[in-house]
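Participant: Mind looking over this structure? Questions follow.
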Amino acid sequence: MADIILGIESSCDDTSAAVISDGCLLSNVIASQDVHKSYGGVVPELASRAHELNIVPVVSEALSRAGVKPEDLTAIAFTRGPGLLGSLLVGTSFAKAMGVALGIPIVMVNHLQGHILANFVRQPGVTPREPSFPYLCLLVSGGNSQIVRVDDPLHFEILGQTIDDAVGEAFDKCSKMMGLGYPGGPVIDKLAAKGDPNRFKFAKPQIPGLDYSFSGIKTSLLYFVRDEMAKDPEFMEKNKEDICASFQKTLIDILMDKLVKAAKQTGIKEITIGGGVSANSGLRRRVEEEGRKRGWNTYLPEFKFTTDNAAMIAIAGYHHYLAGETTSLDVAPVSRMADF
Ligand code: KG4
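In case it helps, our numbering puts the sequence shown at residues 1034 to 1373.
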């Protein structure tokens, strides 16, 4: 009999449920929360309330699209953390309740592990292209910027990570500062495509090892725009494409310098990217260019698996389930990676 896993993701502002059967995706439903747009960022309290409203319809829709009845399920995988605690509580409590009602095990998943396994979600009619182990994953989102060494689906090591802001935060905060809206990444990506990436220079951080820092570049952009606007109040409007292109190029340079260093240090040439910022067209292009230059095999996740989704949680949960790792009902969500 097939192992059918229901995945539930509620770590931030997307409520998602997915069903996989023996590792193959049957459905993946995502309800995004527009309520945060007018605030220029995710409001945790509003996110938890929206999850509470969305969770039942989203799970029902995922089961119905998959053609699976609740009693067909083998286990329920859910995101335990890291993320917003109130949001995580909704998914965790729902998974527990449903597991108890159906008499099936629940499986906790680390959200980051979901992102780094996104390339392993198989889809009907699509030839799988999966990295071989060990591989490196550049994990870049609104909450994380890390280089992770992945030895098998259940074992990974963080080789480097941001010491302050995540790269997605840099996109979002700078977009807000420039009055371009939220989330900033997709807006900046679009404007950058029409601009000159070499027109303006922004300071890059000097951080030792494989760690990142993205708080300085924010300040660098802030002062630059402030000084130029003092000379010409129209500066931003006239130059926003070039500003976005140059700013995005600097962020990508910072990310790639450390990724190249990690590949050299470890000798690993299997390279993946994951997380919301892995949707960035400039970053995707650069990873492929560097890959061709350096003899890497590169694997870019499909766009629908870059942002938060339950398919990646279901596949990670499936691997835990196969290894006999199920979770007891007294589990509580955790907001930080360090507590995992
Ligand atoms: O993984 P994700 O959906 O949520 C978490 O942070 O866990 O990532 C969201 C982040 C936001 O910062 C958003 O601006 C960024 O991903 N993002 C992008 C792009 N699409 C989403 N950043 C750059 N370019 C994009 N095309």
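Think of the CB as a built atom: it goes at the ideal place given N, C-alpha and C, for glycine as much as any other residue.
Could you work out which residue in Asn1061, Leu1355, Gly1124 is closest to His1084 when comparing CA atoms only?
Facilitator: Here residue 1084 refers to the residue found at position 51 when the sequence shown is read from its first residue. The candidate whose alpha carbon is nearest that of His1084 is Gly1124.
Participant: Count the other C-beta atoms from every protein chain shown that fall within 10 angstroms of the C-beta of Val1075, then say buried if there are 16 or more, exposed otherwise.
Facilitator: To locate residue 1075, count along the sequence shown from 1; it is residue 42. Result: buried.
Participant: Pick helix, strand or coil for Tyr1215, following the three-state DSSP scheme.
Facilitator: Counted from its first residue, the sequence shown places residue 1215 at position 182. Coil.
Participant: Can you tell which of Ile1037, Thr1339, Lys1264, Leu1355 has the C-alpha that lies nearest to the C-alpha of His1144?
Facilitator: Your numbering for residue 1144 matches position 111 in the sequence shown. Per the Cα distances, Thr1339.
Participant: Can you tell me whether Leu1355 is helix, strand or coil according to DSSP?
Facilitator: Residue numbering aside, residue 1355 sits at position 322 when the sequence shown is read from its first letter. It is helical.
Participant: Identify every residue that forms a DSSP beta bridge with Gly1114.
Facilitator: The sequence position of residue 1114 within the sequence shown is 81, counting from 1. For Gly1114, which the question treats as bridged, DSSP gives the partners Asn1143.
Participant: Is there at least one non-hydrogen atom of the ligand KG4 closer than 7 Å to the beta-carbon of Thr1340?
Facilitator: Mapped onto the sequence shown, residue 1340 falls at position 307. At least one heavy atom of the ligand KG4 is nearer than 7 Å to the Cβ of Thr1340, so yes.
Participant: Taking buried to mean at least 16 other C-beta atoms within 10 Å of its own C-beta, is Asp1046 buried or exposed?
Facilitator: Your numbering for residue 1046 matches position 13 in the sequence shown. Asp1046 should be labelled buried.
Participant: Taking all protein chains shown into account, do 16 or more other C-beta atoms lie within 10 angstroms of the C-beta of Ser1071, making it buried, or fewer, making it exposed?
Facilitator: Position 38 of the sequence shown holds residue 1071. It is exposed - the Cβ of Ser1071 has fewer than 16 other Cβ atoms within 10 Å.
Participant: Looking at the secondary structure, which residues open and close the alpha helix (DSSP H) in which Tyr1256 lies?
Facilitator: As a working mapping, residue 1256 is identified with position 223 in the sequence shown. 1248-1264 is the extent of the alpha helix (DSSP H) around Tyr1256.
Participant: Does the ligand KG4 have a heavy atom nearer than 7 Å to the CB of Cys1277?
Facilitator: Taking the first residue of the sequence shown as 1, we reach residue 1277 at position 244. It does not: the Cβ of Cys1277 is nowhere closer than 7 Å to a heavy atom of the ligand KG4.
Participant: To the nearest angstrom, how far is the alpha carbon of Glu1163 from that of Lys1337?
Facilitator: Translated into the one-based positions of the sequence shown, residue 1163 becomes position 130. Translated into the one-based positions of the sequence shown, residue 1337 becomes position 304. The straight-line gap from Cα to Cα measures roughly 16 Å.
Participant: Note the first and the last residue of the continuous beta strand (DSSP E) segment covering Ser1093.
Facilitator: Translated into positions along the sequence shown, residue 1093 becomes position 60. Here Ser1093 belongs to no beta strand (DSSP E); instead the alpha helix (DSSP H) covers 1077-1099.
Participant: Taking only three categories from DSSP, how would you classify Gln1281?
Facilitator: Mapped onto the sequence shown, residue 1281 falls at position 248. Note: Gln1281 maps to helix in three-state DSSP.
Participant: Between which two residues does the alpha helix (DSSP H) carrying Asp1205 extend?
Facilitator: Within the sequence shown, numbered from 1, the residue matching residue 1205 stands at position 172. First-last of the alpha helix (DSSP H) with Asp1205: 1200-1210.
Participant: Which whole runs of the alpha helix (DSSP H) in the region 1289-1350 are 4 residues long or more, in chain order?
Facilitator: Runs of the alpha helix (DSSP H) inside the region 1289-1350: 1314-1327.
Participant: Among the residues of its own chain, which have a CB less than 6 Å from the CB of Val1181, if the five just before and after it don't count?
Facilitator: Taking the sequence shown and counting its residues from 1, one reaches residue 1181 at position 148. If we look at Val1181 and ignore the five residues flanking it on each side, its Cβ neighbours are Ile1149, Cys1170, Leu1172, Phe1189, Ile1191.
Participant: On the DSSP bridge assignment, give the partners of Asn1061 in chain order.
Facilitator: Along the sequence shown, read from residue 1 onward, the residue named residue 1061 stands at position 28. Looking at the DSSP assignment, Asn1061 forms a beta bridge with Ala1051.
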